[in-house]
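2 protein chains.
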Amino acid sequence: MIQNFSKILDKAIEEIAKLPGIGRRTALRLALHLHQLENIEVEQLLSAISRLKSELHTCQECHNLSDTPVCTICTNPKRNHQLICVVQDIRDVIAIEATHQFNGVYHVLGGIISPINGIGPEQLTLEHLFEKINNNPVEEVILALPTTVEGDTTNFFIYQNISDKVKVVSTIARGIGVGEELEFTDEVTLGRSLIGRTNFETAYSKNN
Amino acid sequence: MIQNFSKILDKAIEEIAKLPGIGRRTALRLALHLHQLENIEVEQLLSAISRLKSELHTCQECHNLSDTPVCTICTNPKRNHQLICVVQDIRDVIAIEATHQFNGVYHVLGGIISPINGIGPEQLTLEHLFEKINNNPVEEVILALPTTVEGDTTNFFIYQNISDKVKVVSTIARGIGVGEELEFTDEVTLGRSLIGRTNFETAYSKNN
């Protein structure tokens with residue numbers, strides 16, 4: 006991977022290899038590919054990346070990404086604004102939107118509480134969440150955070166701050182993935198899926 | 006992966022996913038990463054990519070990539086200009102340079118003859134190679150092309166055109182990789198390594 010005949014290629018490899026999950030070998034392959042593309046194709050890529058910095062905003066309401074100051078989910082009058090789904094980051098919004106099972110609005114925390122990584126409540130958008138709940142009628146808050154110790158810690162922290170202000174605080178179901186075999190499921194998940202068992206008729210009506 | 010709240014994000018995902026080996030999920034991860042970077046970091050990346058198009062040249066002598074009209078390998082007086090190593094593309098130059106075993110110059114074909122992919126001799130830099138060999142004293146041409154049918158076809162084509170003009174035409178050795186077990190080597194490679202067996206003393210003196 007050592008080459009010393011082009012500083013321009015070296016610099017491109019160095020910059021591309023800074024991207025997450027891209028090593029120097031992949032960076033070289035991408036750099037050579039980019040060099041061989043038509044000018045217009047490279048310009049379109051550069052312009053699209055550039056606009057990510059200059060024109061992509063964080064929604065003032067929910068901290069989701071947005072082309073406008075307030076995102077299209079928060080400004081959609083057909084969505085239930087009294088149902089808030091709290092997620093760690095924008096990828097979770099995309100994942101939940103793809104299910105077509107949720108018609109409320111979101112609140113993106115920008116992370117979860119993780120003392121070991123130096124992330125406390127003040128680094129997240131929690132204050133804004135509490136403020137919204139204090140100032141607006143909210144029926145239910147769904148906590149859709151990772152099922153980890155940090156996720157649980159964040160869940161409890163939020164619950165303590167909002168439980169007396171909203172009717173229902175719920176978390177997404179922990180259980181066995183659809184299509185998974187019981188024998189290959191870890192004990193903790195299997196145990197939780199027993200504790201959180203669902204009435205037969207409810208379970209199947211939800212699927213319809 | 007469906008999201009419809011940001012056209013800017015969509016466009017960036019679409020452009021990034023056009024790169025080889027990058028799917029839409031990775032493109033999303035990269036787009037979010039780029040959005041979160043500092044302006045200066047994104048500018049450095051964009052500038053490095055942009056220079057790949059605007060400032061990176063193809064060497065007039067060997068068709069390697071170069072920051073100057075003629076590359077630093079071709080302009081290096083310490084290298085043996087009568088020893089030409091013919092390779093498929095620039096990645097092969099980088100790989101061979103990394104071995105520190107070669108002190109000649111290169112000729113990058115830009116591909117190999119492959120009728121099935123519509124690549125004939127005229128799409129490659131073969132004419133230029135023959136012209137160089139006709140007009141300059143060349144001691145040896147090393148053919149370092151892939152050990153495939155297309156590679157062999159290209160080897161024979163080059164050999165027919167240059168064998169009466171250079172003293173030696175050689176190909177890189179086909180054999181068992183250093184550190185590999187015989188029992189896991191395919192028969193063709195093992196067979197070739199027997200046919201191309203090397204005198205014991207020569208083999209070990211080459212390694213020193």
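Going down the list, the protein sequences come from chains A and B.
Residue numbering for the first sequence follows this note's numbering, starting at 6 and increasing by one per position.
Residue numbering for the second sequence follows this note's numbering, starting at 6 and increasing by one per position.
Note that beta-carbon positions come from the ideal geometry of N, C-alpha and C, so glycine has one too.
The structure presented is a predicted model; accordingly, all values stated were derived computationally and were not measured.
Using C-beta distances below 8 Å, list every residue in its chain close to I124 of chain A, excluding the 5 sequence neighbours before and after it, in chain order. Within its own chain, the residues whose Cβ lies closer than 8 Å to the Cβ of I124 of chain A, once the five positions on either side in sequence are excluded, are G116, I117 and I118, listed in chain order.
Is V91 of chain B near N69 of chain B, with beta carbons less than 9 Å apart? no
Identify which residue in B:L114, B:I138 and B:G180 has its Cα closest to the Cα of E127 of chain B. B:L114
Can you tell me whether L187 of chain B is buried or exposed? The criterion is at least 16 other CB atoms within 10 Å of its CB, across all chains shown. exposed
Any heavy atom of the ligand COA closer than 8 Å to the CB of I117 of chain B? No copy of the ligand COA occurs in the structure displayed, which carries no ligand at all.
Run through the segment 62-124 of chain B for me and flag every whole beta strand (DSSP E) of 3 or more residues, listed as ranges in chain order. Here the runs fully enclosed are 88-92 and 110-113.
How far does the alpha helix (DSSP H) with E46 of chain A in it extend, from its first residue to its last? In the DSSP annotation of this structure, the continuous segment of the alpha helix (DSSP H) that includes E46 of chain A starts and ends at N44 to S59.
Positions along the segment 56-74 of chain A whose CB lies within less than 8 Å of some CB in chain B: Residues R56, L57, K58, E60, L61, N69, L70, S71 and D72.
How far does the alpha helix (DSSP H) with A149 of chain B in it reach, from first residue to last? Note, A149 of chain B: premise wrong, no alpha helix (DSSP H); beta strand (DSSP E) at E145 to A149.
Along chain A, which residues have their Cβ under 7 Å away from the Cβ of I13 of chain B? R56, L57, E60, L61 and D72
CB I163 of chain B to CB V146 of chain B, shorter than 9 Å? yes
How about Q87 of chain B and G109 of chain B: do their beta carbons lie closer than 9 Å? One thing to note: Q87 of chain B has its Cβ within 9 Å of the Cβ of G109 of chain B.
In chain B, which residues lie less than 7 Å from C76 of chain A when you measure between Cβ atoms? In chain order: F10.
Using three-state DSSP, classify V193 of chain A as helix, strand or coil. helix
Can you tell me where the beta strand (DSSP E) holding T176 of chain B begins and where it ends? V173 to T176
Contact residues within the segment 112-133 of chain A, judged by C-beta distance below 7 Å to chain B: none
Helix, strand or coil for P126 of chain A, going by three-state DSSP, please let me know. helix
Beta carbons nearer than 8 Å to chain B: which residues of the segment 133-163 of chain A have them? none
Burial state of S11 of chain B, where buried means 16 or more other Cβ atoms lie within 10 Å: buried
Rounded C-alpha distance that separates E60 of chain A from S71 of chain A: One alpha carbon belongs to E60 of chain A, the other to S71 of chain A, and they sit about 9 Å apart.
L14 of chain B, enclosing alpha helix (DSSP H) - first and last residue: K12 to I21
Which of helix, strand or coil DSSP assigns to G201 of chain B: coil
Could you say which of B:T77, B:F161 and B:L35 lies nearest to K23 of chain A if we only look at CA atoms? B:L35
Chain-order list of residues whose beta-carbon lies under 7 Å from that of T207 of chain A (same chain, five-residue window excluded): none
If you run the structure through DSSP and keep just helix, strand and coil, what is T159 of chain A? Of the three classes helix, strand and coil, the one that applies to T159 of chain A here is helix, per DSSP.
Check for me: the alpha helix (DSSP H) holding K137 of chain A runs from which residue to which? That run of the alpha helix (DSSP H) goes L131 to N140.
Put L37 of chain A into one of helix, strand or coil per three-state DSSP. Here L37 of chain A sits in helix by DSSP.
Would you call the CB atoms of A53 of chain A and K16 of chain B closer than 9 Å? yes
Any chain B beta carbon closer than 9 Å to K16 of chain A: yes
Report the option in B:R197, B:H38, B:R96 and B:L148 whose CA atom is closest to the CA atom of V3 of chain B. The structure shown does not extend to residue 3 of chain B, since chain B is modelled only from 6 through 213, so no value can be given for it.
Local conformation of V183 of chain B per DSSP, three classes: coil
Going by C-alpha to C-alpha distance, which of B:F189, B:N141 and B:T190 sits closest to V171 of chain B? Minimum Cα distance to V171 of chain B is reached at B:N141.
Taking C-beta to C-beta, are I89 of chain A and K137 of chain A nearer than 9 Å? In this structure, I89 of chain A places its C-beta atom within 9 Å of the C-beta atom of K137 of chain A.
Apart from the five residues just before and just after P74 of chain B, which ones in its own chain have a Cβ nearer than 7 Å to its Cβ? H62 and Q65
Give a yes or no on whether the minimum CB-CB distance between H86 of chain B and chain A is below 9 Å. no
Do N166 of chain A and Q131 of chain A count as a contact pair if the criterion is CB distance below 9 Å? Per the sequence shown, residue 131 of chain A should be read as Leu rather than Gln. Their beta carbons are under 9 Å apart, which means L131 of chain A touches N166 of chain A by this criterion.
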